[in-house]
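Everything on this sheet refers to the single structure shown next.
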Amino acid sequence: MIPRRRTFAALLCGVGLATAADYKYGSQPYDALEEFIYEGTRPDGSSLTDLIRSCKLRGGTNTSVAAEWVRLVYHDTATHNIADGSGGLDGSIFFEVDREENNGSGMKNTLSDFSSFPSKYISRADIIAIGTVFAVAACGGPVIPIRGGRIDSNVAGPYGVPNVTDTTEHFVDTFAKQGFNVSEMIQLVACGHTLGGVRFPDFPDLVPQGTDANAQVVQLFDTTQQFDVNIVTEYLDGSTRDPLVVNNASAASDLRVFSADGNATIKGMATPEAFFSQCTTIFDKMLNTVPSSVTLTDYIELQPIKVSNPQLTLNDDTLQFEVAVRLQLLTNTTSVQLYWCDRYGENENCGGSLKRLAAPASTSTVSSPISSTMGVTLKKYQFVVPIAQSQGIAKFWFVVDHGNGTTTVADNDGAFYTVDQDDVLWVPSMSMAKPVLGSGGWFIVAAVKSGSSPSRVYIDCFGRATSDYLPVNATYDLALNNSHISRSGYDFYSVTTTHDFGATMQFDLVAVKGDGSSSMDSYRQAGFISVSLPDATTVNTTTSGDVGGQSSAPGWRMPNISLLAAVWAGAIVAIACL
1253 MIPRRRTFAA LLCGVGLATA ADYKYGSQPY DALEEFIYEG TRPDGSSLTD
1303 LIRSCKLRGG TNTSVAAEWV RLVYHDTATH NIADGSGGLD GSIFFEVDRE
1353 ENNGSGMKNT LSDFSSFPSK YISRADIIAI GTVFAVAACG GPVIPIRGGR
1403 IDSNVAGPYG VPNVTDTTEH FVDTFAKQGF NVSEMIQLVA CGHTLGGVRF
1453 PDFPDLVPQG TDANAQVVQL FDTTQQFDVN IVTEYLDGST RDPLVVNNAS
1503 AASDLRVFSA DGNATIKGMA TPEAFFSQCT TIFDKMLNTV PSSVTLTDYI
1553 ELQPIKVSNP QLTLNDDTLQ FEVAVRLQLL TNTTSVQLYW CDRYGENENC
1603 GGSLKRLAAP ASTSTVSSPI SSTMGVTLKK YQFVVPIAQS QGIAKFWFVV
1653 DHGNGTTTVA DNDGAFYTVD QDDVLWVPSM SMAKPVLGSG GWFIVAAVKS
1703 GSSPSRVYID CFGRATSDYL PVNATYDLAL NNSHISRSGY DFYSVTTTHD
1753 FGATMQFDLV AVKGDGSSSM DSYRQAGFIS VSLPDATTVN TTTSGDVGGQ
1803 SSAPGWRMPN ISLLAAVWAG AIVAIACL
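Residue numbers (the working numbering): 1253 to 1830.
In structure tokens:
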């Protein structure tokens, strides 16, 4: 059984949070969210992390990508009305960018950055929230705790962002309507304005045109492009360059906000520790400001071991099993092997203790701004193994050798990881992206066991990363494809989708039998069509040891966790213990 520990939050305040210790494999949307938050990529490898890594600037400009992402999240949240529970962080900003309150190329740039990453289990609003915590961490800030489960609005929300020329009273009233008191208003503006600045030509009344009339000019809020306390200390010592303080008295909105309580709150943010702590708390509140009808997930914690994308498929004339496992490394000499039991034959379910095993086909290090800031090393091991049709595969697990005399058996807390069926399988190697009538289509091929005579084979498809931001859900029936000769005990069925599912498409593949029962190959990612896998590795057998079992490792989570990870856990404690 995988070694388990209670998390910092549960240890310190005794509340019943759903934590890593409560996690069970196959929990959606938790699985999809956890992988994206800590690895920073879609399952097909497309990376949100690369767009923000090292607090990068956009193109050849002095524009902070992180600042644009953080501006967007508040503008989406600003639709919230605490009185009736409507609005908030719900993705409606995708339908509001033509408003004056959302002017500027930064908004459109950010929508473009985020547009290809929503999926069946991760909404546009979740991507906005994740992008915010990535932006903060990538620019040297704290790790903001994050939940998932936001529900997208597919229409514009009400106006909600105050104008730079508004009075102090109007700012206070506007933020109060959104659910923020005066101190929280000040914290939110200060924490948001530690990144970026004001740009010409977006705000020509605040930032003058440069010598090149076509060039962007950015006047920064403070002297750095990092997430730091300078926005506060420079305001307090009179050296600020913040254009919303010094440029135009009628548009000095930061000055009016910061001084709304006689500078009491801003003075309380004047140390790096206080600034990080208060920004963590107020950003957490902002990210969780959602319509009252929405129930968010628990905080998404890093799993020390994470199994992803298990798939049994056909490769040429052979069944092939593919799976990846990601580990939080405790030592630099860690090695991993995949073990499994046959589904059929004399060794069914490891009868006679015979088990099959293989080494990984490839390894890679993965990270996001969150996992990097936490100081953890995450390594992913990709397994690709041939499976004899007469043997099949029923369940699998991993044995991790830490190279220091200890091993961990990762077997889903004794429940094992299972391959539930082999009656119907998606075949990525025979499928392809196939534009249809100018829209994005997919040619999907399924392998169905010969002789099963299904009454129906169909795919239930979902796409959220569409050009018009509206989700698409459609079902297609597959037909027997006689152009593909039956092999390895399987017949082939196919269909070409005609809806535009956008950048990604997820689908469930179902074969219905004559008796009404069905088999499903679930949550398949069309993006894997373009992913090249390493060659399959050699399969060995052993009769030594038990199937699964206890680990001799002292624990996964506590070694190699940095102070910043403890700060993140402390933030969760503070929130959970309120």
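All residues carry an ideal CB built from backbone N, CA and C; glycine is no exception.
The model shown is predicted, which means the values in this text are computed figures rather than measured ones.
Given residue i, which residues of its chain have a CB within under 6 Å of its CB, disregarding the five upstream and five downstream residues?
i: G1448; result: S1316, A1319
i: K1372; result: F1714, Q1758
i: V1469; result: F1452, V1459, G1462
i: A1778; result: W1694, M1757
i: P1621; result: F1386, A1389, A1390
i: T1549; result: R1399, G1400, G1401
i: L1785; result: V1636
i: S1707; result: V1764, G1766
i: I1379; result: F1366, F1369, P1370
i: L1587; result: Reading the sequence as shown, one finds Ser at residue 1587 and not Leu. Cβ within range, chain order: D1653.
Here's the rule I'm using: 16 or more other beta-carbon atoms within 10 Å means buried, otherwise exposed. How should residue i be labelled?
i: S1804; result: Its pLDDT being 40, under 50, S1804 is placed unreliably by the model, and nothing is read from it.
i: I1534; result: buried
i: N1664; result: buried
i: G1693; result: buried
i: S1624; result: buried
i: I1737; result: exposed
i: V1783; result: exposed
i: L1571; result: buried
i: L1732; result: exposed
i: P1397; result: buried
i: K1276; result: exposed
i: D1425; result: exposed
i: Q1477; result: buried
i: E1598; result: exposed
i: D1342; result: buried
i: A1467; result: exposed
i: N1792; result: exposed
i: N1433; result: exposed
i: V1407; result: exposed
i: Q1280; result: exposed
i: S1375; result: buried
i: N1415; result: exposed
i: G1358; result: buried
i: D1568; result: exposed
i: H1327; result: buried
i: T1748; result: exposed
i: E1525; result: exposed
i: T1492; result: buried
i: S1344; result: buried
Looking only at its own chain, which residues have a Cβ that is under 7 Å from the Cβ of residue i, when we skip the five neighbours before and after it?
i: N1361; result: R1310, E1320
i: V1497; result: Y1487, A1504, D1506, L1507
i: N1499; result: L1458
i: Y1290; result: L1554, S1620, I1622, S1623, L1630
Which partner residues of residue i appear in the DSSP bridge assignment?
i: K1631; result: L1579, T1617
i: I1639; result: L1571
i: D1773; result: L1761
i: G1449; result: L1472
i: V1837; result: It is not possible to answer for residue 1837, since the shown part of the chain is limited to 1253 through 1830.
i: S1587; result: D1653
i: T1659; result: D1653
i: L1458; result: The partner list for L1458 (beta bridge, DSSP) is empty, contrary to what the question assumes.
i: D1274; result: Beta-bridge pairing links D1274 to no other residue.
i: Q1563; result: E1574
i: T1794; result: K1607
i: I1557; result: L1579
i: L1677; result: A1699
i: E1600; result: D1594
Compare the C-beta of residue i with all C-beta atoms of chain B and state if any pair is closer than 7 Å.
i: T1532; result: Reference to chain B is not applicable here, since this structure consists of a single protein chain.
Here's a check: name, in chain order, each residue in its chain whose Cβ is nearer than 8 Å to the Cβ of residue i, leaving out the five neighbours to either side.
i: G1337; result: P1543, S1544, S1545
i: S1502; result: T1417
Using 8 Å as the threshold, is the region 1477 to 1491 in touch with the region 1441 to 1456, meaning 3 or more CB pairs across them?
Of all C-beta pairs linking the region 1477 to 1491 to the region 1441 to 1456, three or more are shorter than 8 Å, placing the two stretches in contact.
Hey, which unbroken runs of the alpha helix (DSSP H) at 4 residues or more fall wholly within the region 1700 to 1734?
none
Quick one: which unbroken alpha helix (DSSP H) runs of 4-plus residues sit fully inside the region 1484 to 1514? Chain order, please.
1495 to 1498, 1505 to 1510
Indicate whether the contact test is met: 3 or more Cβ pairs, each with one atom in the region 1374 to 1391 and one in the region 1294 to 1308, closer than 8 Å.
The region 1374 to 1391 and the region 1294 to 1308 touch, with no fewer than 3 CB-CB distances between them shorter than 8 Å.
Three or more beta-carbon pairs under 8 Å between the region 1323 to 1332 and the region 1526 to 1544, yes or no?
Here the region 1323 to 1332 makes contact with the region 1526 to 1544; the two share three or more CB pairs at distances below 8 Å.
Ordered list of alpha helix (DSSP H) runs contained in the region 1282 to 1361, each at least 4 residues
1282 to 1291, 1301 to 1304, 1317 to 1329
Count Cβ pairs between the region 1653 to 1660 and the region 1637 to 1644 that sit closer than 8 Å; are there 3 or more?
no
Take every Cβ of the region 1670 to 1689, pair it with every Cβ of the region 1556 to 1565, and state whether three or more of those distances are shorter than 8 Å.
Using a C-beta cut-off of 8 Å, the region 1670 to 1689 makes contact with the region 1556 to 1565, since at least three inter-stretch Cβ pairs fall below that distance.
Decide if the region 1599 to 1607 is in contact with the region 1617 to 1633; the criterion is three or more beta carbon pairs, one per stretch, under 8 Å apart.
no
When you compare the region 1738 to 1756 with the region 1706 to 1721, are there three or more beta-carbon pairs, one atom per stretch, that lie closer than 8 Å?
Yes: the two stretches touch, three or more of their Cβ pairs being nearer than 8 Å.
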